[in-house]
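Novice:
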Amino acid sequence: MAKADISVNGKRYLVACEDGQENRLHQLADRFDQRVTEMAGVMGDIGAERLFLAAALSLIDELEDTERQTGLSHLDQRISTIENSAVQALLEAAERIERISGRVERAS
3 MAKADISVNG
13 KRYLVACEDG
23 QENRLHQLAD
33 RFDQRVTEMA
43 GVMGDIGAER
53 LFLAAALSLI
63 DELEDTERQT
73 GLSHLDQRIS
83 TIENSAVQAL
93 LEAAERIERI
103 SGRVERAS
């Protein structure tokens, strides 16, 4: 198990992580530190614990928005596929109706 020395809101933390994941942990910590700094700019000096909570809630909100948009995009793709299948089925049905209609006319 590896350890990474990260800094958030001016305070250093030694955090355990899987071997080889130290750089990724630093990237995540930098992003979290940026969000904490943004929250501090908006909320003022409310204490590290509250800033961390506000930053975490903000990131979760952003994640859920992204997940919802991704889900909607996936649904749009499925709807488009279903619509295309329906159009193709209607075209094939129309062709069959025309062929049958032609046979009926010739038989009369």
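Counting from 3, one number per residue, gives the positions in the sequence shown under the numbering used here.
Think of the CB as a built atom: it goes at the ideal place given N, C-alpha and C, for glycine as much as any other residue.
Since we're looking at a predicted model, the values are computed, not measured.
#1: For the alpha helix (DSSP H) that residue 32 lies in, which residues bound it at each end?
#2: Looking at residue 31 and residue 8, is the spacing between their C-beta atoms short of 9 Å?
#3: At a cut of 8 Å, does the region 37-44 reach the region 74-93 through at least three beta carbon pairs?
#4: Could you tell me if residue 109 is buried or exposed, where buried requires 16 or more neighbouring beta carbons within 10 angstroms of its beta carbon?
#5: Quick one, are the C-beta atoms of residue 61 and residue 26 less than 9 Å apart?
#6: Beta-carbon within less than 7 Å of residue 34's beta-carbon, same chain only, minus the 5 sequence neighbours each way: which residues are those?
#7: Using three-state DSSP, classify residue 99 as helix, strand or coil.
Specialist: This is what the structure holds:
#1: 24-45
#2: yes
#3: no
#4: exposed
#5: no
#6: 10, 57
#7: helix
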